[in-house]
Amino acid sequence: MKKFDIFKKGLLKENPIFVLQLGLCSALAITTSLTNAVGMGIAVICVLIMSNIIISLLRNIIPNEIRIPVYIVIIATLVKCVQMIMNAYTPELYDSLGVFIPLIVVNCIILGRAEAFASKNGVLDSILDALGMGIGYLFAVLVISFVRQLLGTGGISLYNPLDATQVIFNIELFPDYAISIFTQSAGAFIALGCILAFIQYLKVRGTKKEVNTKKASVK
């Protein structure tokens, strides 16, 4: 498989949220704002890259019988390091994400890539796989956060994850007509369902166009 193909498959074709539907717990819980999405996305990317590197380097010496417990120990150690760094340098974001930071340990995306890819491939390929999947996760939670924040508050805002007092942008569009349910748990499921339905519509539409094109070429 080409290097670029390894990287890009996690962006759209095998997007962990929109296609594989892994890691939905954190994706639904923290997507109340773009700031939370950026913070969680960066944390997941860091853990994914480091865990893939370590597991790829150790893949030939980890006994097959205990590989899953070993993977979990490695991932848990990395998550604890990320958690401590966030607590030290981004306390506001750390408090906002709360329990979902340590829950990265059991995120199916990270353990799944360790088992399905890093344990069978070299370091460079594992890094590219982690980058693609991590950026795909970040893209997905940003889209969900955008929809929820826009409909739930009537505006869009983003703060610097490293400095909560620094406003990157804050745009109010229709605050008087906001739908508050989108700031709640139920709104997360509604937003994700609508996004998945739209993606499926695009897929079906693309398939129909491809079939029509083939029929036209045959004629």
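Heads up: take any position in the sequence shown, counting from 1, add 23, and you land on this note's numbering. Glycine included, each C-beta is placed from N, C-alpha and C at the ideal position.
Exposure label - Pro-184; buried when at least 16 CB within 10 Å: Burial call: buried.
Does the distance from the CB of Gly-46 to the CB of Tyr-160 come in under 9 Å? Contact annotation: Gly-46 and Tyr-160 have beta-carbon atoms nearer than 9 Å.
By a C-beta neighbour count over all protein chains shown, 10 Å radius and 16 as the cutoff for buried, is Pro-114 buried or exposed? Under a 10 Å Cβ-count criterion, Pro-114 is classified as exposed, with fewer than 16 other Cβ atoms of the shown protein chains found around its own Cβ.
Give me the DSSP bridge partner(s) of Gly-178. Glu-195
If we ignore side chains and look at the alpha-carbon of each, how far apart do Leu-181 and Asn-193 end up? Those two C-alpha atoms are separated by around 6 Å.
Taking the alpha carbon of Leu-80 as the point to measure from, which residue in Ile-133, Val-146, Val-70 has its own alpha carbon closest? Val-146
Report the option in Ile-150, Tyr-112, Phe-212, Tyr-224 whose CA atom is closest to the CA atom of Ile-68. Ile-150
Could you spell out the range, first to last residue, of the alpha helix (DSSP H) harbouring Phe-205? Unbroken run through Phe-205: none, as it is neither H nor E.
Ordered along the chain, which non-local residues of its own chain (more than five positions away) have a Cβ less than 6 Å from that of Val-170? Ala-214
Give a yes or no on whether the C-beta atoms belonging to Val-128 and Ile-95 are separated by under 9 Å. Taking 9 Å as the Cβ cut-off, Val-128 and Ile-95 qualify as a contacting pair.
Looking at Val-190 and the ligand ATP, is the gap between the Cβ and the nearest heavy atom below 8 Å? The ligand ATP is not part of this structure, which contains no ligands at all.
Which one or two residues does DSSP pair with Val-190 in a beta bridge? Tyr-182
Can you tell me the Cα-Cα spacing of Ala-211 and Ser-240, whole angstroms? When rounded, the distance between both Cα atoms is 44 Å.
Apply the 10 Å Cβ neighbour rule to Gln-189 and answer buried if 16 or more other Cβ atoms are within range, or exposed otherwise. exposed
Identify which residue in Ser-168, Asn-75, Phe-221, Asn-235 has its Cα closest to the Cα of Ala-52. Ser-168
Taking its Cβ as the centre, do 16 or more other Cβ atoms sit within 10 Å of Val-105, making it buried, or is it exposed? buried
Of the choices Ile-78, Leu-134, Ile-204, whose alpha-carbon is the least far from that of Pro-39? Leu-134
The alpha helix (DSSP H) with Arg-90 in it runs from where to where? 90-112
With respect to the alpha helix (DSSP H) encompassing Ile-72, which residues constitute its N-terminal and C-terminal limits? 57-81
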